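First comes the structure, then the notes that go with it.
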Amino acid sequence: MGLDFTVVWEGLPYLLLGALVTIEVTVIALVLGSIIGLLAGLARLSKNRYLAGLAAIYVAFVRGTPLLVQLFILYFGLPQMGVKLPAFLCGVIGLSIYSGSYISEIVRGAIQSIDRGQTEAARSLGFSPAQTMRLVVLPQAFLRMLPPLGNEFIALIKNSSLVSLLTIQDLMRAGQRIISITFRSFEVYIAVAVLYFLLTYTMSVITRRMEQALRIQ
Amino acid sequence: MIRVEGLEKSFGRLKVLKGVTLEVEPGEVATIIGPSGSGKSTLLRCINLLEEADAGAIYFEGERVDRRWVNGQWTRPPERAIDLYRSQVGMVFQNFNLFGHWTVLENIIMAPIHVLKKPRAEAVAVAKVLLAKVGLADKADAYPHQLSGGQKQRVAIARALAMEPKAMLFDEPTSALDPELVGEVLTVMKRLANEGMTMIVVTHEMNFAKDVADTVYVMDEGEIIEHGTPDTIFTNPVKERTRTFLRQVLLRE
Ligand SMILES: Nc1ncnc2c1ncn2[C@@H]1O[C@H](COP(=O)(O)OP(=O)(O)OP(=O)(O)O)[C@@H](O)[C@H]1O
Ligand SMILES: [Mg+2]
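Line by line, the protein sequences are chains A and B.
Going by our numbering, 19 is the number at position 33 of the first sequence; the sequence numbering is gapless.
Here our numbering runs 63 ahead of the position in the second sequence, where the first position is 1.
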């Protein structure tokens, strides 16, 4: 059986639409995941034991279970409990919670890596704990978060392919639909892979640029 | 102005402060000398409430600042009260602890802006005056990593002064410096002392203690073993341990 890449060409508009959905899902999850990660990371470092414990449980549980199972709980499990959410929402929430757990560890590590002297100097000047975190610690920690965050965002793009199993019309699912019509698995999956690569590569370029821009400052 | 009474502090089993008492009057320059590990830094950190003492009391301008009498018991004051107290007592650290993501100017103006709620223009004006005072008028836009140790420490002093503190605590401000940079920092501190700033200075610079201090406290193993004018301490100390310590310092120099 010879290769026939014309099917890719014909299916390209469809694949690009799918890629758009993948971008949409990823960007929303990236923003929500970062917010969750920041809050959970701060919570883990909080003096409040319950808050810290709660955050630790969240991280351990989410990191210790497969993303696919988490997505299925949201999409197939919750309706049984009377909570029926649209597929897109389930995908975004699932990915956000999942990446949030990893991002919280990145946030925590970066904050802990900032010299204690910075905090002490800030407190000795009369900055409140919140001001110290917001003005002194986080901006410096952010610089250290960027490289691991870039990796995390790339993982997020790749992991987002799992939402195709929730019937979301993302890049992965668009490819599968084309295959179900053309039976050209090899060519189409190669095309899908190339498009995913373009997305992750763009992401890595963006984070590297940001890093350079911030370093020069 | 600052009174410390019977301060005790342990880290785990290690008792670092064993009942330290001292009093510093407005305008007084007190230096604390003593061997490494005797608890000097811990004492300063307790005075600034960066460390919570186990027992004893700290008074600032006659008011107790480390505890408050609330509903029939002594409790830790609210963070806001502690922040207010800290904003009135400047602290200069051995390792400078400048904020690395800010320029020299920003290092100096941020606390006045965010803590004292000063208008930015006013804070900048004050910062420029202070930078000139510490001899760094041309470094306003530099980042800390572009400065020498001596310059960093002078910025740190300017940063503390920008809060218009009523007293200043120095924890070995020149120990991390190359010998040739010590002088420029001591000069700034001497000028500050001459202007009447109340200062508590932990130092290994015996000449600074001799020339500038009103009172010298000698600390050893968590206690103040004696205190007096520089004259008495350096020429006629009472305690044998003080003599031993001074002899060792002289040998090192
Ligand atoms: N956070 C801490 N946890 C445990 N032990 C500590 C802590 N801070 C200080 N110590 C110990 O307390 C003792 C006194 O330390 P401190 O830093 O106050 O001494 P110092 O007089 O300032 O010494 P140096 O001249 O070396 O600066 C030391 O034995 C030190 O190891
Ligand atoms: Mg010390």
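We put the beta carbon where it would ideally sit given N, CA and C, even for glycine.
All values derive from a computational prediction rather than experimental measurement.
Less than 8 Å between the beta carbons of residue i and residue j, yes or no?
i	j	result
SER90(A)	VAL45(A)	yes
GLU126(B)	THR261(B)	no
GLU235(B)	SER101(B)	no
SER114(A)	GLU289(B)	no
LEU185(A)	LEU1(A)	no
VAL7(A)	LEU81(A)	no
ALA127(A)	ILE97(A)	yes
ASN158(B)	GLY103(A)	yes
THR166(B)	ALA205(B)	yes
GLY161(A)	GLY4(A)	yes
LYS144(A)	TYR182(A)	yes
Report the option in the options whose CA atom is closest to the CA atom of residue i.
i	options	result
ARG149(B)	GLU243(B), THR105(B), LYS229(B)	LYS229(B)
PRO89(B)	GLU115(B), SER73(B), GLU124(B)	GLU124(B)
ASN137(A)	ARG163(A), THR153(A), LEU16(A), PRO(-1)(A)	LEU16(A)
LEU179(B)	GLY103(A), GLN98(A), GLY112(A)	GLY112(A)
TYR280(B)	GLY69(B), GLY97(B), GLU68(B)	GLY97(B)
VAL(-6)(A)	ILE167(A), TYR187(A), LEU148(A), ASN34(A)	ILE167(A)
ILE287(B)	LEU85(B), ASP294(B), PHE271(B), ASN134(B)	LEU85(B)
LEU255(B)	VAL275(B), ASN270(B), SER99(B)	VAL275(B)
GLY212(B)	GLU258(B), ALA200(B), THR166(B), SER238(B)	SER238(B)
ILE154(A)	ILE22(A), VAL78(A), GLY68(A)	VAL78(A)
PRO125(A)	ILE143(A), SER114(A), ILE100(A)	ILE100(A)
VAL93(A)	GLY27(A), ALA5(A), PHE183(A)	GLY27(A)
GLU68(B)	THR250(B), TYR122(B), PRO182(B), VAL187(B)	TYR122(B)
LEU244(B)	GLU258(B), GLY259(B), GLU268(B)	GLU268(B)
THR105(B)	TRP132(B), PHE156(B), GLN151(B)	PHE156(B)
Going along the chain, which residues of its own chain have a beta-carbon closer than 8 Å to the beta-carbon of residue i, five neighbours each way excluded?
i	result
ARG306(B)	PRO300
LEU(-11)(A)	PHE172, GLU173
THR193(A)	LEU132, PRO133, LEU135, GLY136, PHE139
HIS208(B)	GLY163
ALA38(A)	ALA29, ARG30, LEU31, SER32
THR267(A)	The question about residue 267(A) has no answer, for chain A in this structure spans -13 to 203.
ASN160(B)	ALA219
ALA200(B)	LYS191, LEU194
With residue i and residue j assumed to form a contact (beta carbons below 8 Å), what rounded beta-carbon distance in angstroms separates them?
i	j	result
ASP129(B)	ALA118(B)	Actually they do not touch by this definition, with Cβ atoms about 10 Å apart.
LYS103(B)	VAL265(B)	4 Å
ILE263(B)	LEU314(B)	Wrong, their Cβ atoms sit about 27 Å apart, outside the cutoff.
PRO242(B)	LYS273(B)	No, PRO242(B) and LYS273(B) are not in contact; Cβ-Cβ is about 18 Å, not under 8 Å.
GLU114(B)	LYS78(B)	In fact, because the Cβ distance is near 14 Å, the residues do not count as touching under 8 Å.
LEU70(B)	VAL87(B)	Their Cβ separation, rounded to whole angstroms, is 14 Å, which puts LEU70(B) and VAL87(B) out of contact at 8 Å.
ALA93(B)	THR278(B)	5 Å
SER87(A)	ARG49(A)	5 Å
ILE176(B)	ALA186(B)	5 Å
GLY(-3)(A)	LEU142(A)	In fact, because the Cβ distance is near 25 Å, the residues do not count as touching under 8 Å.
ALA203(B)	LEU168(B)	4 Å
Does the Cβ of residue i have 16 or more other Cβ atoms within 10 Å, making it buried, or fewer, making it exposed?
i	result
ILE65(B)	buried
MET252(B)	buried
GLN216(B)	buried
ALA195(B)	exposed
TYR84(A)	buried
SER146(A)	buried
GLY75(B)	exposed
ASN111(B)	buried
ILE59(A)	exposed
ARG35(A)	exposed
ALA146(B)	It should be noted that the sequence gives Asp, not Ala, for residue 146(B). Buried.
GLY135(B)	exposed
GLY23(A)	buried
VAL180(A)	exposed
MET154(B)	buried
Please work out which residues of its chain come closer than 6 Å, Cβ to Cβ, to residue i, disregarding the five sequence neighbours upstream and downstream, and give them in chain order.
i	result
ILE171(B)	ALA190, ALA221, ARG222, ALA225
GLU247(B)	GLY213
VAL13(A)	none
SER150(A)	ASP156, MET158, ARG159
LYS181(B)	PRO175
TRP137(B)	ARG130
Quick one: residues in its chain with C-beta nearer than 7 Å to the C-beta of residue i, no 5 flanking neighbours on either side, listed in chain order?
i	result
TYR61(A)	ALA73, CYS76, LEU152
ALA108(A)	THR118, VAL122
LEU148(A)	LEU53, LEU54, LEU57
LEU249(B)	THR237, GLU268, PHE271
Go through the residues and name those whose CB comes closer than 5 Å to any heavy atom of ligand 4, in chain order.
Ligand 4 is not among the ligands present in this structure, which contains only ligand 1 and ligand 2.
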